[in-house]
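Peer 1: Going by our numbering, the first residue of the sequence shown is number 5, and it counts up by one from there. Glycine included, every Cβ here is placed at the ideal spot set by N, Cα and C. Please read all numbers here as calculations on a predicted model, not as lab measurements. Dropping a structure here in structure tokens format, bear with me for questions.
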Amino acid sequence: TDGRNPIQKHKFTYTGDEYGSSEAQHDHKAFTYFADRQLLAFPYYSYSNTTGAMRSSLELFKVDLGAGFAKLGSIDHSTLFTSSPTGFCGGYYGPTVRRGVFLENFVYSISYGGVVVKDSNNLAAPGDQLALPAPQVNTGYGPVCAM
């Protein structure tokens, strides 16, 4: 409420069982907030400290000024990748979820592996997904990929 003297009222902390990061840490466009429904979404990429297993997801939270953050669930993209692909095709790409978009009750999660859509009121339901082919890697450094 006071832009000149901000204070932290609430905090959510992931467990220490995995190493995680988010594109939203350095790109504000990766952070999505639907104010009318108090829904927050951001991409999250993690891997296990013990097994090395990776997880790429869109994390969803209910945000309330009084109650704080309540994790609603995740939209997992890990099944859209058989490994941790990376490459250069006019820009680097990897398995991480890039963006989330809210349209009415639905949340769309977008990665280079595909698009997953779920009802934001029922994240446990399977939802629908469209797998995308991996970009063809350009062996040079130019902006055009081999076709």
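1) Could you check the C-alpha separation between Glu63 and Tyr116 for me, to the nearest Å?
2) Give the range of the beta strand (DSSP E) segment to which Phe133 is assigned.
3) Have a look at Val1 and Asp123 and give me their C-alpha separation to the nearest angstrom.
4) CB-CB under 7 Å to Ala57, same chain, minus the five flanking residues each way: which ones, in chain order?
5) Can you tell which of Asn109, Ser26 and Gly20 has its C-alpha closest to the C-alpha of Pro47?
6) Looking only at its chain, what residues have a beta carbon closer than 7 Å to the beta carbon of Gly53, apart from the 5 residues adjacent to it on each side?
Peer 2: Straight from the coordinates:
1) 17 Å
2) Position check: residue 133 holds Gln in this sequence, whereas Phe was assumed. Its beta strand (DSSP E) spans residues Asp132 to Ala135.
3) This structure cannot speak to residue 1, because the chain is shown only from 5 to 151.
4) Tyr51
5) Ser26
6) Sequence inspection shows Asn at residue 53; the Gly mentioned does not correspond to that position. Counting only Cβ-Cβ distances below 7 Å, and skipping sequence neighbours, we find Asp21, Glu22 and Tyr23.
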